[in-house]
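A.B. asks: Mapped onto the numbering used here, the consecutive letters of the sequence shown carry residue numbers 1 to 492. Glycine included, each C-beta is placed from N, C-alpha and C at the ideal position. Could you have a look at this structure, given as structure tokens, before my questions?
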Amino acid sequence: MFLRVGIEDVKVSLKDTGTILMYSGLCFFVPIIMSILFDKNPQTLLAYAGSALMLLMLGYGMRTLIIVKKETEIKHAMLSIVLIWLIFCFFASLPFVFIMKVGLLDAFFETMSTLTTTGLSVMTPILDSMPASLIFWRTFLGWVGGIGIVLMAFIGLMATYSKTSKLLLAEGRGTQLKENLRGSAKKIAYIYIILTIVGIILLLLAGQSPWEATNYSMSAISTNGMDISAAGLASVSNGWAPVGLHNYWVDLALIVIMILGAMSFALHYAWMRKKDFRIVARDPEFRALIFLGAIGATIVGIKLGAMEGLFHSFSALTCGGFSFIPPLAVSGWADFVKIILIPLMIIGGAAGSTAGGIKLSRFIIFVKSLYWKIKSSVLPEKAYFRKKYNGENVTEKQVKDISLFILLWFVFLLIGTIVLVGYGNDLGNSFFEVSSAQSNAGITTGITHETMPVGVEVMLIINMFVGRLEIIPLLASIGILLSIKDRKRKKR
């Protein structure tokens with residue numbers, strides 16, 4: 001019925017969780033440094049240091065006090081990933097509680113949204129009163145979430161190949177760029193930093209200040225979409241745009257950066273190594289990304305205008321989540337516009353990228369499987385034809401796994417929509433908001449706000465978490481816990 005596990009299996013997961021948490025606690029040094037440089041406030045410094053110390057102590061205790069005899073298996077990794085995200089998210093949210101005096105649930109929502117690179121926010125009204133270090137902490141958490149907490153923690157600190165590869169695989173980051181895992185991790189980090197720097201340069205050229213360019217580049221490349229002020233993109237430096245007009249150069253730069261973030265790291269690596277753009281042009285996910293984005297921009301542009309259609313179509317498809325119009329305006333969009341943007345958010349970016357959604361590769365194979373099904377039904381019974389994607393054979397099991405994944409994805413989407421409608425929200429806006437949360441896109445219709453009901457807030461947290469971990473680790477973890485409970489009951 002469930003995975004066959006016992007207490008020893010849970011101990012393996014907890015020990016691995018402690019190791020990752022201990023090294024992940026080092027992330028707090030970033031806001032500590034920012035606080036020293038910009039805030040010059042002992043209280044904010046103490047908030048970061050205290051949160052970091054508690055996390056480091058917990059991680060160190062779990063790592064040293066728990067004794068295990070088993071090696072890490074995929075079932076252990078599944079539970080570890082869920083625990084790592086939840087525990088790290090809790091401690092990362094504490095500075096918001098200590099510094100801004102917000103409720104723990106709001107802080108947890110904000111941190112979960114940032115770490116999952118969703119970008120929905122309940123703190124927009126108080127952004128302008130936040131210290132610079134806390135603004136950057138939000139940005140940095142999204143940037144870390146884009147590359148993966150596990151991967152960041154293991155750069156230069158790799159354990160055994162089997163253990164680390166299982167953890168990375170469980171988090172959906174099993175694609176390797178080099179033959180050894182340590183080399184892959186370093187190369188991914190190198191590519192990520194280079195792309196972030198490219199984004200900063202583009203935004204500086206577009207007219208943003210260094211502070212804006214750094215924050216927005218980190219948010220765009222991680223497809224996080226968090227703003228740094230209450231007014232959002234409407235308040236960024238005027239740059240080359242005439243006085244009083246919106247700076248569309250910034251929008252164009254963000255579109256480019258979001259596309260780079262929605263491309264797979266493997267494709268970036270191949271392109272950088274061979275310096276041949278034809279590698280990118282031949283990639284099926286990249287071509288689908290550009291094609292779907294262009295189609296969406298054309299259709300949406302009919303209703304919203306060319307630039308608004310282009311920006312929001314690629315913001316939806318890449319799951320970048322930026323918007324330069326207020327949530328109330330998004331809520332007032334025609335259903336026609338929402339019907340186009342919702343599928344774009346659900347499809348998302350490339351596998352092995354920072355984007356969310358079900359991923360382009362799954363979508364392409366699913367569409368191909370429908371064609372294969374139709375083709376097989378009209379051919380003679382014993383007729384054979386090859387089923388391929390990107391030069392590789394596709395098995396029936398792979399098609400079934402993808403179909404099951406998409407089915408489960410929509411089940412959670414439906415549950416979230418029902419909950420939001422149950423709290424009195426419009427059906428169309430509810431489906432849009434849940435799709436945005438679970439796709440880790442972050443475009444909001446205004447349902448997400450600082451006074452939304454607790455049930456809506458909790459449901460959106462679940463949708464964001466499910467979307468980021470891609471369902472399977474979460475379901476496997478539930479199965480592990482239920483299995484332990486079931487075995488205990490049988491022993492009695």
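Provide the residue span of the alpha helix (DSSP H) that contains Lys303, from first to last.
C.D. replies: In the sequence shown, the residue the question calls residue 303 occupies position 303. Lys303 -> alpha helix (DSSP H) spans Pro284 to Leu304.
A.B. asks: Leaving out the 5 sequence neighbours to the left and right, which residues in its chain are closer than 7 Å to Leu56 when beta-carbon positions are compared?
C.D. replies: Mapped onto the sequence shown, residue 56 falls at position 56. Met22 and Gly25, listed in sequence order.
A.B. asks: Helix, strand or coil for Tyr389, going by three-state DSSP, please let me know.
C.D. replies: Locating residue 389 in the sequence shown gives position 389, where the first residue counts as 1. If DSSP states are grouped into helix, strand and coil, Tyr389 belongs with the strands.
A.B. asks: For a test of the three-state rule: what should DSSP assign to Leu420, helix, strand or coil?
C.D. replies: Here residue 420 is taken as the residue at index 420 of the sequence shown, counted from 1. Correct three-state label for Leu420: helix.
A.B. asks: Provide the residue span of the alpha helix (DSSP H) that contains Phe274, from first to last.
C.D. replies: As a working mapping, residue 274 is identified with position 274 in the sequence shown. What sits at residue 274 in the sequence shown is Lys, not Phe. Segment Phe265 to Lys274, the alpha helix (DSSP H) holding Lys274.
A.B. asks: Three Cβ pairs or more, each shorter than 8 Å: is that satisfied between the segment 79–87 and the segment 46–54?
C.D. replies: No: the two stretches stay apart, fewer than three of their Cβ pairs being nearer than 8 Å.
A.B. asks: Whole alpha helix (DSSP H) runs in the segment 104–135 with 4 or more residues, listed along the chain?
C.D. replies: Runs of the alpha helix (DSSP H) inside the segment 104–135: 104–115.
A.B. asks: In its own chain, which residues sit with a C-beta less than 6 Å from the C-beta of Leu260, not counting the 5 before and 5 after it?
C.D. replies: To locate residue 260, count along the sequence shown from 1; it is residue 260. Excluding sequence neighbours, Leu260 sits near Leu195.
A.B. asks: How far does the alpha helix (DSSP H) with Asp251 in it reach, from first residue to last?
C.D. replies: As a working mapping, residue 251 is identified with position 251 in the sequence shown. Element bounds for Asp251: Tyr248 to Ala262.
A.B. asks: State buried or exposed for Thr395, treating a residue as buried only when at least 16 other CB atoms are found within 10 Å of its CB.
C.D. replies: Taking the first residue of the sequence shown as position 1, residue 395 is located at position 395. Label assigned to Thr395: exposed.
A.B. asks: State the DSSP-derived secondary structure class of Ile471, mapped to helix, strand or coil.
C.D. replies: Working through the sequence shown from its first residue, we reach residue 471 at position 471. Three-state result, Ile471: coil.
A.B. asks: Would Gln43 be called buried (16 or more neighbouring beta carbons within 10 Å of its own) or exposed?
C.D. replies: The residue labelled residue 43 in the question sits at position 43 within the sequence shown. With fewer than 16 Cβ atoms within 10 Å of its Cβ, Gln43 is classed as exposed.
A.B. asks: With DSSP run on the structure shown, which of helix, strand or coil describes Trp441?
C.D. replies: As a working mapping, residue 441 is identified with position 441 in the sequence shown. Reading the sequence as shown, one finds Ala at residue 441 and not Trp. In the structure shown, Ala441 sits in coil (DSSP, three-state: anything other than H, G, I, E or B).
A.B. asks: On the criterion of 16 or more Cβ atoms from any shown chain inside 10 Å, does Asp227 qualify as buried, or is it exposed?
C.D. replies: In the sequence shown, residue 227 corresponds to position 227, counting from 1. Buried.
A.B. asks: Please classify Leu404 as buried or exposed, where buried requires at least 16 other C-beta atoms within 10 Å of its C-beta.
C.D. replies: Looking up residue 404 in the sequence shown gives position 404. Exposed, since its Cβ has fewer than 16 Cβ neighbours within 10 Å.
A.B. asks: Of the residues Val97, Met62 and Gly103, which one's Cα is nearest the Cα of Thr451?
C.D. replies: Walking along the sequence shown from the start, residue 451 turns up at place 451. That would be Gly103, whose Cα lies nearest to the Cα of Thr451.
A.B. asks: Can you tell which of Ile295, Asp16 and Leu204 has the C-alpha that lies nearest to the C-alpha of Val68?
C.D. replies: On the sequence shown, residue 68 is found 68 positions in, with the first residue counted as 1. Nearest C-alpha to Val68: Asp16.
A.B. asks: Taking its Cβ as the centre, do 16 or more other Cβ atoms sit within 10 Å of Ala47, making it buried, or is it exposed?
C.D. replies: For the purposes of this step, residue 47 is identified with residue 47 of the sequence shown, where counting begins at 1. When all chains shown are included, Ala47 counts as buried.
A.B. asks: If we count Cβ pairs, one from each stretch, closer than 8 Å, do we get three or more for the segment 286–294 versus the segment 186–201?
C.D. replies: Taking 8 Å as the limit for Cβ pairs, the verdict is that the segment 186–201 does not touch the segment 286–294.
A.B. asks: Which residues mark the beginning and the end of the alpha helix (DSSP H) in which Gly50 is found?
C.D. replies: One-based indexing of the sequence shown puts residue 50 at position 50. First-last of the alpha helix (DSSP H) with Gly50: Pro42 to Leu65.
A.B. asks: Alpha carbon to alpha carbon, how far is Leu65 from Ser219? Give it in angstroms, no decimals.
C.D. replies: The sequence position of residue 219 within the sequence shown is 219, counting from 1. The sequence position of residue 65 within the sequence shown is 65, counting from 1. Each residue's Cα considered, the two are about 38 Å apart.
A.B. asks: Helix, strand or coil: how does DSSP classify Ser219 here?
C.D. replies: Indexing the sequence shown from 1 puts residue 219 at position 219. Correct three-state label for Ser219: helix.
A.B. asks: Helix, strand or coil: how does DSSP classify Cys89 here?
C.D. replies: As a position in the sequence shown, residue 89 is number 89, starting the count at 1. If DSSP states are grouped into helix, strand and coil, Cys89 belongs with the helices.
A.B. asks: Between the Cα of Gly119 and those of Ser435, Leu252 and Ile374, spot the shortest distance and give me the residue it belongs to.
C.D. replies: The residue labelled residue 119 in the question sits at position 119 within the sequence shown. That would be Ser435, whose Cα lies nearest to the Cα of Gly119.
A.B. asks: On the criterion of 16 or more Cβ atoms from any shown chain inside 10 Å, does Asn390 qualify as buried, or is it exposed?
C.D. replies: Counted from its first residue, the sequence shown places residue 390 at position 390. It is exposed - the Cβ of Asn390 has fewer than 16 other Cβ atoms within 10 Å.
A.B. asks: Just verifying my parser: in three-state terms, what is the DSSP assignment at Gly332?
C.D. replies: Locating residue 332 in the sequence shown gives position 332, counting from the first residue. Three-state DSSP puts Gly332 in coil, outside helix and strand.
A.B. asks: What does the Cβ neighbour count give for Ser129, buried or exposed, with the cut at 16 atoms within 10 Å?
C.D. replies: As a first step, residue 129 must be located in the sequence shown, where it is residue number 129. The residue is exposed, with fewer than 16 neighbouring Cβ atoms inside 10 Å.
A.B. asks: Buried or exposed: Lys163, going by 16 or more other Cβ atoms within 10 Å of its Cβ?
C.D. replies: The count along the sequence shown starts at 1 and reaches residue 163 at position 163. Residue confidence for Lys163 is low, a pLDDT of 42 falling below 50, so the modelled location carries little weight; the figure read from the coordinates is stated next. With 16 or more other Cβ atoms within 10 Å, it is buried.
A.B. asks: What does the alpha-carbon distance come out to for the pair Leu141 and Glu457?
C.D. replies: By one-based count along the sequence shown, residue 141 stands at place 141. By one-based count along the sequence shown, residue 457 stands at place 457. Answer to the nearest angstrom: the Cα atoms are 20 Å apart.
A.B. asks: For Leu37, count the other beta carbons within 10 Å of its own beta carbon; 16 or more makes it buried, fewer makes it exposed. Which is it?
C.D. replies: Residue numbering aside, residue 37 sits at position 37 when the sequence shown is read from its first letter. Looking at its Cβ environment, which holds fewer than 16 other Cβ atoms inside 10 Å, Leu37 is exposed.
A.B. asks: Work out the CA separation of Ile7 and Val330 for me, nearest whole Å.
C.D. replies: As a first step, residue 330 must be located in the sequence shown, where it is residue number 330. As a first step, residue 7 must be located in the sequence shown, where it is residue number 7. Answer to the nearest angstrom: the Cα atoms are 49 Å apart.
A.B. asks: Please classify Phe311: is it buried, with 16 or more other beta-carbons within 10 angstroms of its beta-carbon, or exposed?
C.D. replies: For the purposes of this step, residue 311 is taken as residue 311 along the sequence shown, with counting starting at 1. Label assigned to Phe311: buried.
A.B. asks: Express the C-alpha separation of Glu71 and Pro515 in angstroms, rounding to a whole number.
C.D. replies: Only positions 1 to 492 of the chain appear in the structure, and residue 515 is not among them; the question remains open.
A.B. asks: CB-CB under 6 Å to Asn463, same chain, minus the five flanking residues each way: which ones, in chain order?
C.D. replies: Residue 463 sits at position 463 when you count from the first residue of the sequence shown. Contacts found: Gly416, Val434, Ala437 and Gln438.
A.B. asks: Please state the DSSP three-state secondary structure of Tyr384.
C.D. replies: Here the question's residue 384 lines up with position 384 in the sequence shown. In this structure, Tyr384 counts as coil in the three-state DSSP scheme.
A.B. asks: Less than 6 Å between C-beta atoms, sequence neighbours within five positions excluded: which residues of the same chain meet that for Thr160?
C.D. replies: Locating residue 160 in the sequence shown gives position 160, where the first residue counts as 1. Its pLDDT being 35, under 50, Thr160 is placed unreliably by the model, and nothing is read from it.
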